[in-house]
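Trainee: The listed protein sequences correspond, in order, to chains C and X.
Residue numbering for the first sequence follows our numbering, starting at 960 and increasing by one per position.
Residue numbering for the second sequence follows our numbering, starting at 6 and increasing by one per position.
Below you'll find the structure I mean.
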Amino acid sequence: MRNSGNELWLELQRNNLTRTDYPENELDLSPWYIKTMQGFAGWIAALFLLAFVGTIIGSLFIYDNQVLLALCGFICCTAAYFIFRNDKTPFLEQLGLAISLCGQFMVAWGIFTVFSISDSSAFLILALFQGALALIMPNFLHRVFSSWFAMVALFWGLNQQGIFGLDSALAAALFTLIWIREKHWYKYRSHLLPISFGLAISLLQFSGHFLFQHEFSHYLFRAEVGFLQQYSPLIGSLILAGTCLYLVFAILSEQNIKLASPSGSIAVIATLMLLGLSFNIAGVSSALLILLVGFFRQRLILMALGILALISFISWYYYSLSETLLVKSIYLLSIGAVCLTIVGTLHYFSKAQPTLDPANSAPVNGKKWISLATILIVLAAININIYQKESLIREGQSVLLELAPVDPRSLMQGDYMRLRYRMSQTIQYAIGDKESVDGFAIVQLDQHSVAQFITLNPDAELSPQQHKLHYRIRDGVLKFATNAFFFQEGSAKIYEKAKYGEFKVSGNGEMLLVGLRDKQYVLLGTNRP
Amino acid sequence: MNSKRQHILHWAEQGYISPDDVDTALSLSRANPDNQQWFQFIKNLFLWLGVISLAAGTLFFFAFNWDEMSNLVKFALMQTSLVVSTLIYTKLKPFTLPSTAIAFLMVMLIGALLALSGQIYQTGADPWQLFAFWALFMTPIAVTNRASTLWLLWVLLINLSCYLYYYDFRGVFGILLHYDNLVGLFLLFNTLLAIAFEVLQQGKTRCLDNRLVVQTCLLASGIAATWLAIWAIFDEAELQWGLPCYLVWILCTYLYYRYRLFDLFIISGCVTSAIVIASSLLIYIFNDALESDAFLIIAIFIIGLSSSAGIWLKKLSKEHAADQPITSDKEHQDA
Chain C
960 MRNSGNELWL ELQRNNLTRT DYPENELDLS PWYIKTMQGF AGWIAALFLL AFVGTIIGSL
1020 FIYDNQVLLA LCGFICCTAA YFIFRNDKTP FLEQLGLAIS LCGQFMVAWG IFTVFSISDS
1080 SAFLILALFQ GALALIMPNF LHRVFSSWFA MVALFWGLNQ QGIFGLDSAL AAALFTLIWI
1140 REKHWYKYRS HLLPISFGLA ISLLQFSGHF LFQHEFSHYL FRAEVGFLQQ YSPLIGSLIL
1200 AGTCLYLVFA ILSEQNIKLA SPSGSIAVIA TLMLLGLSFN IAGVSSALLI LLVGFFRQRL
1260 ILMALGILAL ISFISWYYYS LSETLLVKSI YLLSIGAVCL TIVGTLHYFS KAQPTLDPAN
1320 SAPVNGKKWI SLATILIVLA AININIYQKE SLIREGQSVL LELAPVDPRS LMQGDYMRLR
1380 YRMSQTIQYA IGDKESVDGF AIVQLDQHSV AQFITLNPDA ELSPQQHKLH YRIRDGVLKF
1440 ATNAFFFQEG SAKIYEKAKY GEFKVSGNGE MLLVGLRDKQ YVLLGTNRP
Chain X
6 MNSKRQHILH WAEQGYISPD DVDTALSLSR ANPDNQQWFQ FIKNLFLWLG VISLAAGTLF
66 FFAFNWDEMS NLVKFALMQT SLVVSTLIYT KLKPFTLPST AIAFLMVMLI GALLALSGQI
126 YQTGADPWQL FAFWALFMTP IAVTNRASTL WLLWVLLINL SCYLYYYDFR GVFGILLHYD
186 NLVGLFLLFN TLLAIAFEVL QQGKTRCLDN RLVVQTCLLA SGIAATWLAI WAIFDEAELQ
246 WGLPCYLVWI LCTYLYYRYR LFDLFIISGC VTSAIVIASS LLIYIFNDAL ESDAFLIIAI
306 FIIGLSSSAG IWLKKLSKEH AADQPITSDK EHQDA
């Protein structure tokens, strides 16, 4: 790194752009994980300092002394400020960080005792306090932490007011603004850079699980619904969309591309299309913002944060309850289609770097044969499996197993129902202490094909009404085929009356769950529509 | 990626460059990405965004378990999309980003197909089997593509499948598989994976383009080792092998990546773990007298250790950078 800095300096010197000799005050280019290690250690040390304060002046933490406690915390932060300002030795910087973090714990503790934890003003005061620390404290790690905490506190404060989606949009807008104006605000770099990293971390956190909390607002939020409560998600989405457009304009102007030129208009149209598609899933836009800014300003760490935010958003999105999986899949599939169409178009217009195999017409190369063969094996295996299962469903013997009462909470899981069979207990009792993972149970069928347990002996002669069933014991629970019945999302109500599980059984005991029946043996639903 | 922009703006902030010259300096040193680089980046961005959205969209679609669509239609749709993506894959130049992205899509579709078959025919195959088969089927594709994206997914699937296997069978082998044994297995398993990848990477056949997979495996096993050691310190009767196991692991890892193959990320990880363990030992020693003075001593101890570790790591980082021949620009042209 030092080399590249040196070389760059010489190059600038040759062009008379420098004022002095090679500066002694070097840029700190130490990798992120060293800072992470120090931040992590600072946190642990702060906890021990807190324990120290707690044991020497325990009376501070008593209920009536909350103002004094917050005041002591404030004094700690002030002390840390003077340590940071006067000395740049690593030990004292680390000490200052730990003292300040300890002080912040005390301030937060005090504030939450004065107000109650359910009071949004406590969070808002804390957010203000942290925001001020982020601006004042002359220490990189401290500014990162404080701006991150400020955003999280603001988030919870607004959340308790029933205002959702606004905080993350503000964080994204501020983050983008700082990086777009990076060159113009060079005098405040040491203030703004760490703050922007803190904002990026908070965005990563929000994209994973916070962004769409407004769907819970109907359950949690009881107070009167005002303008902000009603429109904050929309305003948030609009702020995000505006920020994305602003970033695209900034990139175009720095690359000297006019809006009216073909590339300029394509960029704006593509952005608008993507914004339209992702309007309801704002997490995608904020992840993309971090990624774009990362490339724009050549920061690998931001790009990595953007990718992480994208992945955590998608895994969170799967579980969000705002829309059905069908609607979500349509959103995603259309975004995918638009993106790949754009890639295709870009490829078509640039013949510069061919990604298609030059030996296109030539036979597929060796490496690709391996992949091709793998896919063929997968397809063959799947289709043989389909054939076997379909034959079993057609030709197998129907067997009904009585269900044990189902835990009603499991029904709430949405897309599948957990099954337990009455017979399981009898069989497990018969197995006793023997360590067994797999085995066969012999059952007798009545006129409705309902099975009754007879014996465990696999060699017993079977009468025409007797069948053998393959069971498995997993995690201490006995299972026939499966203990989960899958159904379309949202149709849980129908299956509440289920009394029997219907299986198809082959001669060798292989079982397949095909449907559920009620107590009059009426079919409630199958896996085969 | 280069750090020229950071340098120039830093010098401007410090007053070594006049504010009026910043623009000239930035364009002269080509600190900003040029149009060609932007074009490439946008293309790759949309490519991956498209592939990830398509893969996730397909998974979501089948997870919805739509009643209106018959099973055979679902299978036909799924298999067709797999065949189409395979056909596209065979047309692409190997070891390029598009080829890797489509291979990733293929692998995701294989997983979706396996999950779909498990969902439609409820034979109740154990959950670990799904992930094991998925990992098995993707292995040839990962091997022939040299891409860390695919290998990371592979490592994740293998670990998941092992965890689920343990979860199903923990009752059966009784005492053998306690929770701490699981962490031990996790440690052993990921260390073996890391060694395997390291051997492959240094062998003649290049199977990977960067060190991300080795670092991930070592990070996972490092967390497991640290966990075991903390456990052993505070509960020594239960877990006698925890500390020796940790010591051997951390020493070997540290020595190898310090002297044989320099990797600052892994060294930093070792240092962080060592700080945690040293503080735990100190807490254990103070166990009977854990009062105010002890807390202060521990806090100062941690601050001292971490700040000196920071100085040392930064020094290592600079030394290593100075030893390295300047290849960054050349690599850029290759990429």
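All residues carry an ideal CB built from backbone N, CA and C; glycine is no exception.
No experiment lies behind these values; they were computed from the predicted model shown.
Counting only the same chain and skipping the five closest in sequence on each side, list residues whose C-beta sits under 8 Å from that of residue 1012 of chain C.
Mentor: 1019, 1031, 1061 and 1065
Trainee: Please check the pair residue 967 of chain C and residue 12 of chain X, which I expect to be a contact at CB under 8 Å, by giving their CB distance rounded to whole angstroms.
Mentor: 6 Å
Trainee: Do residue 1054 of chain C and residue 308 of chain X have their beta-carbon atoms positioned less than 8 Å apart in this structure?
Mentor: yes
Trainee: From what residue to what residue does the beta strand (DSSP E) around residue 1375 of chain C run?
Mentor: Per DSSP, residue 1375 of chain C belongs to the beta strand (DSSP E) from 1375-1377.
Trainee: Ends of the beta strand (DSSP E) at residue 1403 of chain C?
Mentor: 1397-1404
Trainee: Please report how far the alpha carbon of residue 160 of chain X lies from the alpha carbon of residue 134 of chain X, in whole angstroms.
Mentor: Between residue 160 of chain X and residue 134 of chain X, the C-alpha separation is close to 15 Å.
Trainee: Indicate whether at least one CB of chain C lies closer than 8 Å to the CB of residue 292 of chain X.
Mentor: With 8 Å as the cut-off, residue 292 of chain X does not count as an interface residue toward chain C.
Trainee: Verify whether the separation of the beta carbon atoms of residue 1360 of chain C and residue 1459 of chain C is less than 8 Å.
Mentor: Contact: yes.
Trainee: Three-state secondary structure (DSSP) at residue 1363 of chain C?
Mentor: coil
Trainee: Write down the C-beta distance between residue 122 of chain X and residue 1341 of chain C rounded to the nearest angstrom, noting that I regard them as a contact closer than 8 Å.
Mentor: 6 Å
Trainee: State buried or exposed for residue 1384 of chain C, treating a residue as buried only when at least 16 other CB atoms are found within 10 Å of its CB.
Mentor: exposed
Trainee: Taking residue 34 of chain X as the reference, give the member of X:298, X:283, X:7 and X:253 with the closest Cα.
Mentor: X:7
Trainee: How many whole angstroms separate the CB atoms of residue 151 of chain X and residue 1256 of chain C, which I take to be in contact at a CB cut-off of 8 Å?
Mentor: That pair is no contact at about 30 Å.
Trainee: Work out the CA separation of residue 1435 of chain C and residue 1443 of chain C for me, nearest whole Å.
Mentor: 16 Å
Trainee: For residue 1126 of chain C versus residue 1114 of chain C, is the C-beta spacing smaller than 8 Å?
Mentor: Contact flag set, yes.
Trainee: In this structure, does DSSP put residue 1439 of chain C in helix, strand or coil?
Mentor: strand
Trainee: Report all residues from its chain with a CB closer than 7 Å to the CB of residue 1216 of chain C; omit the five preceding and five following residues, and keep chain order.
Mentor: 1222 and 1223
Trainee: If the criterion is Cβ atoms closer than 8 Å, does the pair residue 1195 of chain C and residue 1295 of chain C meet it?
Mentor: For the pair residue 1195 of chain C and residue 1295 of chain C, the CB atoms are not nearer than the 8 Å cut-off.
Trainee: Do residue 322 of chain X and residue 269 of chain X have their CB atoms nearer than 8 Å?
Mentor: yes
Trainee: Sort X:113, X:278, X:296 and X:70 by Cα distance to residue 1451 of chain C and report the nearest one.
Mentor: X:70
Trainee: Using CA atoms only, rank isn't needed, just tell me which of C:1423, C:1102 and C:1426 is closest to residue 1059 of chain C.
Mentor: C:1102
Trainee: Is residue 917 of chain C helix, strand or coil by DSSP?
Mentor: Since the displayed chain C opens at 960 and closes at 1488, residue 917 of chain C lies outside it and no answer follows.
Trainee: Tell me the DSSP secondary structure of residue 44 of chain X in three-state form.
Mentor: helix
Trainee: Quick check: the stretch 218-234 of chain X against the stretch 160-172 of chain X, are there 3 or more CB pairs under 8 Å?
Mentor: yes
Trainee: So for residue 1470 of chain C, helix, strand or coil by DSSP?
Mentor: It is a strand residue.
Trainee: Determine, for residue 964 of chain C, whether the minimum Cβ-Cβ distance to residues of chain X falls below 8 Å.
Mentor: Cβ-Cβ to chain X under 8 Å: yes for residue 964 of chain C.
Trainee: How about residue 1431 of chain C and residue 1396 of chain C: are their beta carbons less than 8 Å apart?
Mentor: yes
Trainee: Mind checking who residue 1276 of chain C pairs with in its DSSP beta bridge?
Mentor: In DSSP, residue 1276 of chain C forms no bridge with anything.
Trainee: In this structure, does DSSP put residue 1348 of chain C in helix, strand or coil?
Mentor: helix
Trainee: Specify the secondary structure class of residue 264 of chain X as computed by DSSP and reduced to three states.
Mentor: helix
Trainee: Can you name the residues of chain X whose CB is closer than 9 Å to the CB of residue 1330 of chain C?
Mentor: 91, 94, 95, 108, 111, 145, 146, 149 and 150
Trainee: Can a CB atom of chain X be found closer than 8 Å to the CB of residue 1146 of chain C?
Mentor: yes
Trainee: Does residue 1328 of chain C pass the burial test, meaning 16 or more other C-beta atoms within 10 Å, or should it be called exposed?
Mentor: exposed
Trainee: Measure the alpha-carbon distance for residue 1312 of chain C versus residue 45 of chain X and round it to whole angstroms.
Mentor: Legend: pLDDT at residue 1312 of chain C = 49, less than 50; position of this residue unreliable, value from coordinates given subsequently. Their Cα atoms are separated by approximately 9 Å.
Trainee: What does residue 29 of chain X reach in chain C if we use C-beta pairs closer than 8 Å?
Mentor: 974 and 976
Trainee: Is the beta carbon of residue 1139 of chain C sitting closer than 8 Å to the one on residue 1248 of chain C?
Mentor: no
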